[in-house]
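Participant: So the sequence lines, in the order shown, correspond to chains P and Z.
Under my numbering, the first sequence has 134 at position 134, and the numbering climbs by one with no breaks.
Under my numbering, the second sequence has 332 at position 332, and the numbering climbs by one with no breaks.
Every residue gets a Cβ at the ideal spot worked out from N, C-alpha and C, and that includes glycine.
Protein chains: 2
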Amino acid sequence: MPIDIDQRPIILTGDRTTGPLHLGHYAGSLKNRIVLQHSHRQYLLLADAQALTDNASDPAKVRRNVLEVALDYLAVGIDPDRTTICVQSGLPALAELTLLYLNFVTVARLERNPTIKDEIQTRGFGRDIPAGFLCYPAAQAADITGFKANVVPVGEDQAPLIEQTNEIVRRLNRQIGRDVLPEAQALIPSIGRLPGVDGKAKMSKSQGNAIPLSATPDEIRDAVRRMYTDPNHLRASDPGTVEGNVVFTYLDAFDEDRAAVEDLKARYRHGGLGDSVVKRRLEDILQNLLAPIRERRTALGRDRGYVLDRLQAGTLAARERTQATLDELRDGLGLFTFDVARFEMHR
Amino acid sequence: MPIDIDQRPIILTGDRTTGPLHLGHYAGSLKNRIVLQHSHRQYLLLADAQALTDNASDPAKVRRNVLEVALDYLAVGIDPDRTTICVQSGLPALAELTLLYLNFVTVARLERNPTIKDEIQTRGFGRDIPAGFLCYPAAQAADITGFKANVVPVGEDQAPLIEQTNEIVRRLNRQIGRDVLPEAQALIPSIGRLPGVDGKAKMSKSQGNAIPLSATPDEIRDAVRRMYTDPNHLRASDPGTVEGNVVFTYLDAFDEDRAAVEDLKARYRHGGLGDSVVKRRLEDILQNLLAPIRERRTALGRDRGYVLDRLQAGTLAARERTQATLDELRDGLGLFTFDVARFEMHR
Chain P
1 MPIDIDQRPI ILTGDRTTGP LHLGHYAGSL KNRIVLQHSH RQYLLLADAQ ALTDNASDPA
61 KVRRNVLEVA LDYLAVGIDP DRTTICVQSG LPALAELTLL YLNFVTVARL ERNPTIKDEI
121 QTRGFGRDIP AGFLCYPAAQ AADITGFKAN VVPVGEDQAP LIEQTNEIVR RLNRQIGRDV
181 LPEAQALIPS IGRLPGVDGK AKMSKSQGNA IPLSATPDEI RDAVRRMYTD PNHLRASDPG
241 TVEGNVVFTY LDAFDEDRAA VEDLKARYRH GGLGDSVVKR RLEDILQNLL APIRERRTAL
301 GRDRGYVLDR LQAGTLAARE RTQATLDELR DGLGLFTFDV ARFEMHR
Chain Z
1 MPIDIDQRPI ILTGDRTTGP LHLGHYAGSL KNRIVLQHSH RQYLLLADAQ ALTDNASDPA
61 KVRRNVLEVA LDYLAVGIDP DRTTICVQSG LPALAELTLL YLNFVTVARL ERNPTIKDEI
121 QTRGFGRDIP AGFLCYPAAQ AADITGFKAN VVPVGEDQAP LIEQTNEIVR RLNRQIGRDV
181 LPEAQALIPS IGRLPGVDGK AKMSKSQGNA IPLSATPDEI RDAVRRMYTD PNHLRASDPG
241 TVEGNVVFTY LDAFDEDRAA VEDLKARYRH GGLGDSVVKR RLEDILQNLL APIRERRTAL
301 GRDRGYVLDR LQAGTLAARE RTQATLDELR DGLGLFTFDV ARFEMHR
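1) Got a sec: which bits of the stretch 37-52 of chain P sit with their beta carbon under 9 angstroms from any beta carbon on chain Z, in order along the chain?
2) Residue 39 of chain P: buried (16+ other C-beta within 10 angstroms of its C-beta) or exposed?
3) Please determine, among Z:23, Z:25, Z:42, Z:18, the residue with the shortest C-alpha to C-alpha distance to residue 68 of chain Z.
4) To which residues of the same chain is residue 333 of chain P closer than 8 angstroms at the C-beta, ignoring the five residues directly before and after it?
5) Could you round the C-beta distance between residue 21 of chain Z and residue 30 of chain Z to whole angstroms and report it? I think they count as a contact, below 8 angstroms.
6) Just checking my contact of residue 89 of chain P with residue 49 of chain P at CB under 8 angstroms: how many whole Å lie between their CB atoms?
7) Can you list, in chain order, the residues of its chain whose CB lies under 6 angstroms from that of residue 154 of chain P, leaving out five sequence neighbours each side?
8) Can the beta-carbon of residue 246 of chain P be found less than 9 angstroms from the beta-carbon of residue 198 of chain P?
9) By a C-beta neighbour count over all protein chains shown, 10 Å radius and 16 as the cutoff for buried, is residue 93 of chain Z buried or exposed?
10) Under 9 angstroms between the Cβ atoms of residue 84 of chain Z and residue 324 of chain Z?
11) Going by C-alpha distance, which of P:5, P:124, P:162 is nearest residue 142 of chain P?
12) Exposed or buried, residue 234 of chain Z, counting other C-beta atoms within 10 Å across all chains shown (16 or more means buried)?
13) With DSSP as the reference, label residue 1 of chain P as helix, strand or coil.
14) Along the stretch 105-137 of chain Z, what residues have a CB closer than 7 angstroms to any CB found in chain P?
15) Among the candidates Z:288, Z:322, Z:182, whose CA atom is the shortest distance from the CA of residue 215 of chain Z?
16) With distances taken between CB atoms, is the gap from residue 107 of chain Z to residue 130 of chain P smaller than 9 angstroms?
17) Spatial neighbours of residue 159 of chain P within its chain, please: CB distance less than 6 angstroms, with the 5 preceding and 5 following residues excluded, ordered by chain position.
18) DSSP on residue 215 of chain P, reduced to helix/strand/coil?
19) Give the interface partners of residue 175 of chain Z over in chain P, defined as CB-CB distance under 9 angstroms, in chain order.
20) If we require 4 or more residues per run, which alpha helix (DSSP H) segments fall completely within the stretch 126-178 of chain P?
21) Buried or exposed: where does residue 1 of chain Z fall if 16 or more other Cβ atoms within 10 Å of its Cβ makes it buried?
22) In chain order, which continuous runs of the alpha helix (DSSP H) of length 4 or greater are located wholly inside the stretch 188-237 of chain P?
23) Whole-angstrom Cβ separation of residue 9 of chain P and residue 105 of chain P, contact assumed at under 8 angstroms?
24) Starting from the Cα of residue 6 of chain Z, find the closest Cα among Z:16, Z:37, Z:32 and give me that residue.
25) Between which two residues does the beta strand (DSSP E) holding residue 14 of chain P run?
26) Near residue 296 of chain Z, what residues of its chain come up, given a Cβ to Cβ distance below 6 angstroms and the 5 sequence neighbours on each side ignored?
27) Under the DSSP definition of a beta bridge, which residues are partnered with residue 43 of chain Z?
28) Return the residue from the list P:41, P:149, P:44, P:196 that minimises the CA-CA distance to residue 27 of chain P.
29) With residue 77 of chain Z as the anchor, note down where its alpha helix (DSSP H) starts and where it stops.
30) When you compare the CB of residue 32 of chain Z with every CB in chain P, is at least one pair closer than 9 angstroms?
31) CB-CB under 7 angstroms to residue 87 of chain Z, same chain, minus the five flanking residues each way: which ones, in chain order?
32) To the nearest angstrom, how far is it from the Cα of residue 99 of chain Z to the Cα of residue 202 of chain Z?
33) Any idea if residue 191 of chain Z is buried or exposed, counting beta-carbon neighbours within 10 angstroms, 16 or more meaning buried?
34) How about residue 54 of chain P and residue 123 of chain P: do their beta carbons lie closer than 9 angstroms?
35) If you follow the alpha helix (DSSP H) that residue 270 of chain Z is in, where does it begin and where does it stop?
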């Protein structure tokens with residue numbers, strides 16, 4: 001076994017490829033990833049196989065968005081020389097790990113998973129839940145362990161998925177008699193989820209309340225104009241409420257001049273500050289933030305070949321890593337292993 | 001696409017690698033396979049991945065029996081130049097197809113499958129059924145369709161699994177808009193299942209009522225001696241019952257002199273024919289049947305390298321076939337495809 005010189009912890013994260021990313025992704029995770037790619041060995045998974053679990057009737061959308069999300073990554077500053085960007089469906093070892101893990105978890109345990117329970121309710125699946133969706137915690141365990149990730153950034157609501165992964169890890173390590181797989185730690189972001197421009201808790205493309213990273217200047221202006229503020233703040237002279245006021249939530253997330261924001265908040269609460277002034281400030285900030293991202297995104301979009309080259313190189317590196325984990329695990333369990341590249345059976 | 005010259009129908013069958021095969025397998029399927037390898041393109045799957053779904057705590061047993069079952073195949077006369085013998089866990093495309101199909105079938109539908117329902121009850125799983133076991137119909141659909149099998153020999157109790165496979169086939173063909181996958185036909189054997197030597201309906205190693213194909217002459221003699229006959233046939237002069245009498249059931253299955261068997265039956269029914277006479281005849285037949293199989297099996301067992309070479313060659317051929325199906329399906333659905341051998345992404 002070659003000695004692994006890079007001792008940085010391994011971090012795995014990624015996105016379902018169901019639509020281009022938006023400001024909520026930027027604030028909640030992309031910004032962190034740009035920093036983490038220096039301190040960690042970072043893998044970003046374009047989760048197209050997982051996106052299919054509830055988009056089986058529209059695979060073309062899932063495929064198209066592999067490229068869209070990759071464009072978003074590169075445009076915001078994810079550096080493919082520092083971060084391995086890979087396509088989930090190009091990693092057969094993950095499918096094999098998923099099927100293996102499904103033997104080590106009961107149906108009852110999958111159904112008890114709070115994340116799955118919630119999502120079943122949210123999506124209105126009831127008894128007609130696609131089997132692939134129920135099995136998703138095993139697939140996520142395969143993703144995490146396939147890369148031997150030590151750290152996995154997740155929303156607070158997804159922490160139970162990490163716990164379930166670690167249950168599988170402990171079960172397998174115990175059976176094998178040594179720690180082949182590391183347990184993963186959830187990294188829960190310190191800042192909360194960015195609300196939609198309409199004030200709803202979640203920004204989402206399907207709700208029409210999102211600002212995509214590729215938004216044009218006009219789209220940004222419109223979005224800020226119709227942004228939810230304080231419905232009781234009818235005249236500029238009225239005292240206003242800052243809490244739950246989306247414009248201020250966004251200023252908290254994106255305005256780096258903390259003192260100026262606190263000053264604005266005080267004036268808004270006191271009365272005498274109109275929504276339009278605060279919105280103009282926010283619009284400027286968002287225009288400045290998104291302009292270079294949009295430009296890089298457009299330029300990269302013209303060079304599809306380059307983007308696919310990077311995806312292919314990343315997927316190849318990820319394939320070797322995940323296949324090595326599968327081999328080690330199968331060998332530890334006493335199963336046959338195969339040299340996939342050379343089609344050889346290890347004897 | 002190269003033109004496929006071999007127009008024979010494709011048949012897929014195989015065995016879970018949980019133990020060496022026995023006389024019940026020989027009568028119920030191996031005998032047929034020896035014939036079918038001439039009229040069909042035959043694939044035999046050493047189903048080690050599926051065996052794991054209810055043997056996750058003993059993977060070494062599953063691995064060991066890959067070789068044992070392969071020895072049984074070769075010993076009875078399966079010709080690896082005519083039949084592709086392959087190891088399921090060496091075919092990553094089957095894992096990928098399984099995960100894909102799980103998105104096209106609901107949990108409720110899996111639970112309604114009569115075969116799964118029965119097996120859950122038989123094995124006493126209850127709510128603690130391993131998820132892999134519940135997902136088994138999707139895995140079987142992957143096996144069948146991965147090889148584009150037209151014909152699948154199954155026991156009568158397994159016909160619902162073929163129906164479920166065809167539901168998935170129709171669903172995918174409809175979505176793609178052309179018949180990428182063929183529907184499979186169940187081939188239900190004309191002769192019933194061979195009972196155990198104790199008269200129980202199923203011959204099974206774990207029940208201790210099986211005669212393995214590798215049985216020694218002494219083991220064969222013992223097994224015939226303790227074979228269940230007519231418990232009311234106490235003296236040779238008493239009239240005896242042929243129905244449910246295991247010795248006669250075995251004579252029906254293995255004695256090629258039909259007239260002699262009918263004559264024996266008549267004499268047994270009438271009274272005046274002792275169990276020992278009938279048993280001696282059966283023992284002779286089984287000794288003659290199993291002696292050459294046992295000898296070939298012993299010789300092959302000494303040449304493990306040869307057996308593994310054949311398994312590797314078969315698995316390689318099967319890998320190409322199943323990968324081609326996966327590619328065609330992913331392409332039809334509009335998903336990314338990958339050249340696994342060259343690690344290239346099709347663009």
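Facilitator: With the structure as the only source:
1) 48, 49, 52
2) exposed
3) Z:18
4) 172, 175, 176
5) 7 angstroms
6) 5 angstroms
7) 186
8) yes
9) buried
10) no
11) P:162
12) exposed
13) Only weak support exists for where residue 1 of chain P lies, its pLDDT of 49 falling under 50; the coordinates are left without a value.
14) 105, 106, 107, 108, 110, 127, 128, 129, 130, 131, 132, 134, 135
15) Z:288
16) yes
17) 186
18) coil
19) 56, 57, 59
20) 131-134, 136-146, 159-176
21) Only weak support is given to the placement of residue 1 of chain Z: the predicted model assigns it a pLDDT of 48, under 50, and the value that follows is read from those uncertain coordinates. Answer is exposed; the Cβ neighbour count stays below 16.
22) 217-225
23) That pair is no contact at about 26 angstroms.
24) Z:37
25) 10-16
26) 75
27) Z:12, Z:84
28) P:196
29) Segment: none, residue 77 of chain Z is in no alpha helix (DSSP H) and carries neither H nor E.
30) no
31) 46, 48, 66, 311, 315
32) 32 angstroms
33) exposed
34) yes
35) 258-270
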